[in-house]
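Engineer: In order, the protein sequence lines correspond to chains E and C.
Counting in this note's numbering, the final residue of the first sequence is number 1344, and the numbers go up one at a time with none missing.
Counting in this note's numbering, the final residue of the second sequence is number 335, and the numbers go up one at a time with none missing.
All C-beta atoms in this analysis are idealised placements derived from N, C-alpha and C, irrespective of residue type, glycine included.
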Amino acid sequence: MTGEGILLDVADLRARYPVRRSIADRLARRPRHWVRAVDGVSFSLRRGEMVALVGESGCGKTTTAQTILRMVESAGGTITVDGQDITALSQRRLRPLRRGIQMVYQDPYESLDPRFRVRQTVAEPLLVHGLGATRRERDELVAGALERAGLAPAGLYLDRYPHELSGGQRQRVAIAAALALDPVLLLADEPVSMLDVSVRAGVLALLDGLRRDGRLGVLMITHDLSTAAHFADRIAVMYLGRIVEYGPARQVINDPQHPYTKALLSVVPDRDPRRRKTAQILSGETPNPVAIPTGCRFRPRCPIAEDRCAETDPHLKLARGAHPEPHEVACILA
Amino acid sequence: MSLLEVRDLNVWFGLPGGGELHAVQGVGFDLDAGERFGLVGESGCGKTTSILAMMGLLPPNASVAGEVSLAGTNILAGGEDSVRPHRWTDIAMVFQGAMNALNPVRTVLSQIAEPIVLHGGSSAVAARKRAGELLELVGIPASSGSRYPHEFSGGMRQRAAIAMALACEPKVLLADEPTTALDVMVQAQILDLLVGLSDEFGLALMLVTHDLPVVAQVCQRAAVMYAGEIVETGTTDALFHYTRHPYTRLLFAATPDLYGTGAVASIPGAPPRLDEPVVGCPFLPRCDSVVERCERERPLLRLVGAVDGATAAHAVACHRDDAGGAGGAGGTQ
Chain E
1011 MTGEGILLDV ADLRARYPVR RSIADRLARR PRHWVRAVDG VSFSLRRGEM
1061 VALVGESGCG KTTTAQTILR MVESAGGTIT VDGQDITALS QRRLRPLRRG
1111 IQMVYQDPYE SLDPRFRVRQ TVAEPLLVHG LGATRRERDE LVAGALERAG
1161 LAPAGLYLDR YPHELSGGQR QRVAIAAALA LDPVLLLADE PVSMLDVSVR
1211 AGVLALLDGL RRDGRLGVLM ITHDLSTAAH FADRIAVMYL GRIVEYGPAR
1261 QVINDPQHPY TKALLSVVPD RDPRRRKTAQ ILSGETPNPV AIPTGCRFRP
1311 RCPIAEDRCA ETDPHLKLAR GAHPEPHEVA CILA
Chain C
3 MSLLEVRDLN VWFGLPGGGE LHAVQGVGFD LDAGERFGLV GESGCGKTTS
53 ILAMMGLLPP NASVAGEVSL AGTNILAGGE DSVRPHRWTD IAMVFQGAMN
103 ALNPVRTVLS QIAEPIVLHG GSSAVAARKR AGELLELVGI PASSGSRYPH
153 EFSGGMRQRA AIAMALACEP KVLLADEPTT ALDVMVQAQI LDLLVGLSDE
203 FGLALMLVTH DLPVVAQVCQ RAAVMYAGEI VETGTTDALF HYTRHPYTRL
253 LFAATPDLYG TGAVASIPGA PPRLDEPVVG CPFLPRCDSV VERCERERPL
303 LRLVGAVDGA TAAHAVACHR DDAGGAGGAG GTQ
């Protein structure tokens, strides 16, 4: 798929990890097993957009991001960034492009080096990529990035250590380090889940503002459907390595099509004690991706599964009804 | 008289190099059998310190004052000697991250059986049988008890941690962030279990969390803590629909709602330092509805009229008469 202004296009992406074999398995020449962490994922993102990958732990959302960054090699499919296929680029040719794709990690208490001042943390990526010829030039880039991340005036923060900053400020420093390279694509992996409720909104508003400026697109990975509903343009719900529902955020929340999405939405607690939903609690947890069920992978936990669900592995297709933007669902009963 | 009554609980931590940090400042509430009460606040507000004080589990550099009465007996009256007979047998706790604190080299069943032998004086065989029953109670087949923690999923480990806290049949269970690291579906399963335990066995449940929606859905009443003190308490319905304290209102407004379309706003600033005395209202620097009196005088928790729909005592520590503004947090989004 190529289209006007598409910044990131992921098509049928696959990633797998080998399962460790014992010596006995090797001697008996038993076949190697693989965890199919990402098993045919497709979506796209335009500049100025935010797409949320939503799902429970183990659904493959983080591996998807790592594969886009080429930190994990894909086992199939293509990744196109700004019109260039980066799936098979050599590390040397990838490097200048990698600058344009930056990651913000979950935990700013872990992701920042405690011995680095803010100035060093934000300047580090510039040094790695050989940007900013002089110290003075680098200082300007660092200050610019900090202020873009909402830490203004930058002079107030430059010489501080992480322990002198609040959780929200730390995450802003991490975002500034990503912004220093002027990326076109920001991957944010649970960017606020370690932060206090009162500062989360500020960090989310920052990411929202950055993409609304139109210079970059944001792929946000989150398990929090309320956050995705508020900030993302589109939501992709993942289950066991596959996107099972994909569409405009409001539509996925207000008119969910897949039984998994419906169940997830039914258990999100509401702030209003008077609004009680009938929680549809699925038993068990996401099954082991080493042994993905045949047919529909959600079948064993699905409340509406029928016999024929065991026969076909459903792929995303347009949901019923007329929608201004495509709303897709991978369920033969939807 | 309530099953659990906490009155004027204060905790100070001695700091190296002198000085004291007043972590919990006059906290009080009641809890009845079968009732679910939420203690809500952000990190550092004193909620975990409060319940550790109630369990008598604070480190030696802490000093505690106040009353924690179980069925009329103040268990803090005589220090460790007066707490010990009640700890785990009357009042028990699920620690934050308990699911990750299981011993990796011992089976789950043997870890649950151990405290039963130590506290109940049961034989090893009887204790193992009891541990199996406890596992069944929290939704784990007793036969799985012979497995090791790493063979359990996160949700199962949390269930095992709850089973352990229930080993001596306590009347009060304090659960510290019991679902924080869990996925939303597993969170729903664990909350369902806790609600079932309080409904079925009359267990008094205190849920300590930063997650307002969880409290709104699980608890009948709640208290919001800020800077070591309770700033608002009442039914969860009153807290949401008849919000009186600006902090409660802003906290609700900072929590994204699945179906809400209004802006989600963070609360600027940070809580005050608790190692120096606070003059005036501790929330003042972050408050959006300050009156002149706020700078001079610290507001005390006072009862506010029961608005229709809010029957149980609703109290707020704020100088403004119309504190919180019109219609409660429910009207802001």
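#1: Looking at chain E, which residues of the stretch 22-54 of chain C have a Cβ within less than 8 Å of any of its Cβ atoms?
#2: Glycine 1212(E) touches chain C at which residues, Cβ-Cβ below 7 Å?
#3: Of all the CB atoms in chain E, is at least one closer than 8 Å to the CB of serine 155(C)?
#4: Buried or exposed for methionine 1230(E), please, with buried defined as at least 16 other CB atoms from any protein chain shown within 10 angstroms of its CB.
#5: One question on the structure: do isoleucine 220(C) and valine 197(C) come within less than 8 Å of each other, judged by their Cβ atoms?
#6: Give me, in chain order, the residues of the same chain whose beta-carbon lies closer than 8 Å to that of alanine 312(C); leave out the 5 immediate sequence neighbours on both sides.
#7: Determine, using beta carbons only, whether alanine 1239(E) comes closer than 8 Å to chain C.
#8: Could you check where the beta strand (DSSP E) with aspartate 1022(E) kicks off and where it finishes?
#9: Taking the straight line between their C-alpha atoms, what separation do you get for phenylalanine 15(C) and methionine 1060(E)?
#10: Using a Cβ-Cβ cut-off of 7 Å (strictly less than) and excluding sequence neighbours within five positions of threonine 91(C), which residues of its own chain qualify?
#11: Beta-carbon of methionine 341(C) versus every beta-carbon of chain E: anything under 8 Å?
#12: What span of residues does the alpha helix (DSSP H) with methionine 56(C) cover, start to end?
#13: Check the DSSP bridge columns for valine 1247(E) and list the partner residues they point to.
#14: Do you know whose CA, among Leu205(C), Pro273(C), Asp323(C) and Ile114(C), lies nearest valine 292(C)'s CA?
#15: Quick check on glycine 20(C) - is its C-beta less than 8 Å from some C-beta in chain E?
#16: Considering only the beta carbon of each residue, do isoleucine 232(C) and leucine 252(C) sit closer than 8 Å?
#17: For a contact defined as C-beta to C-beta under 8 Å, what are the partners of glutamine 1(C) on chain E?
#18: Residue range of the beta strand (DSSP E) that valine 983(E) falls in?
#19: Based on DSSP bridge pairs, tell me the residues matched to tryptophan 14(C).
#20: Applying the 10 Å Cβ sphere with the 16-neighbour rule, what's the burial state of lysine 49(C)?
#21: Please say whether aspartate 1280(E) and alanine 218(C) have beta carbons closer to each other than 8 Å?
#22: Per DSSP, what kind of secondary structure is alanine 317(C) in: helix, strand or coil?
#23: In angstroms with no decimal places, state the Cα-to-Cα distance between leucine 25(C) and serine 1293(E).
#24: Can you name the start and end residues of the beta strand (DSSP E) that aspartate 323(C) belongs to?
#25: Would you kindly work out how many angstroms separate the C-alpha atoms of threonine 1296(E) and glycine 74(C), rounded to a whole number?
#26: Using the beta-carbon count (16 or more within 10 Å), is proline 18(C) buried or exposed?
#27: Does the structure place the stretch 1098-1105 of chain E close enough to the stretch 1182-1195 of chain E that three or more beta carbon pairs sit under 8 Å?
#28: What does a CB cutoff of less than 6 Å around glycine 957(E) pick up in its chain, not counting 5 residues either side in sequence?
#29: Compare the C-beta of phenylalanine 285(C) with all C-beta atoms of chain E and state if any pair is closer than 8 Å.
#30: Tell me the residue span of the beta strand (DSSP E) that contains phenylalanine 39(C).
#31: Less than 8 Å between CB atoms is the rule here; does valine 216(C) satisfy it with respect to chain E?
#32: Could you check whether the stretch 283-300 of chain C touches the stretch 1231-1248 of chain E, counting it as contact only if at least three pairs of C-beta atoms, one from each stretch, sit closer than 8 Å?
#33: Chain E partners of threonine 257(C), CB-CB under 9 Å?
#34: Using a beta-carbon distance below 8 Å, is histidine 1233(E) in contact with chain C?
#35: Below 8 Å on the Cβ atoms is my guess for leucine 1220(E) versus histidine 1139(E); work out the distance and round it to an integer in Å.
#36: Could you name each continuous alpha helix (DSSP H) segment of 4 residues or more that falls completely within the stretch 1261-1337 of chain E, going from the start of the chain to the end?
Structural biologist: So, from the listed chains and residues:
#1: Glu44 and Ser45
#2: Ser268
#3: yes
#4: buried
#5: Correcting the residue type first, residue 220(C) is valine in the shown sequence and not isoleucine. Cβ distance < 8 Å, so valine 220(C) and valine 197(C) count as in contact.
#6: In this predicted model, alanine 312(C) has a pLDDT of only 47, less than 50, meaning its place in the structure is not dependable; the value taken from the coordinates is given anyway. For alanine 312(C), where only same-chain residues beyond five positions count, the Cβ hits under 8 Å are Gly236, Thr237, Asp239, Ala240, His243 and Tyr244.
#7: yes
#8: 1016-1028
#9: 45 Å
#10: His121, Cys170 and Pro172
#11: What is shown of chain C runs 3 to 335, which leaves residue 341(C) out entirely.
#12: 49-56
#13: Val1064(E) and Glu1255(E)
#14: Asp323(C)
#15: no
#16: no
#17: What the structure shows of chain C is the stretch from 3 to 335, and residue 1(C) is not part of that stretch, so it cannot be assessed.
#18: The displayed coordinates of chain E run from 1011 to 1344. Any statement about residue 983(E) would go beyond what the structure contains.
#19: His24(C) and Ser65(C)
#20: buried
#21: yes
#22: strand
#23: Looking at the sequence itself, residue 25(C) is alanine, so the reference to leucine does not match. If you take the alpha carbons of alanine 25(C) and serine 1293(E), they lie about 40 Å apart.
#24: Element bounds for aspartate 323(C): n/a, residue is neither H nor E.
#25: 46 Å
#26: exposed
#27: no
#28: Nothing can be reported for residue 957(E), as the shown portion of chain E is limited to 1011 through 1344.
#29: no
#30: 38-42
#31: yes
#32: no
#33: Val1207, Arg1210, Ala1211, Ser1236 and Arg1281
#34: yes
#35: At roughly 20 Å, the Cβ-Cβ gap does not stay under 8 Å, so leucine 1220(E) and histidine 1139(E) are not in contact.
#36: 1269-1276
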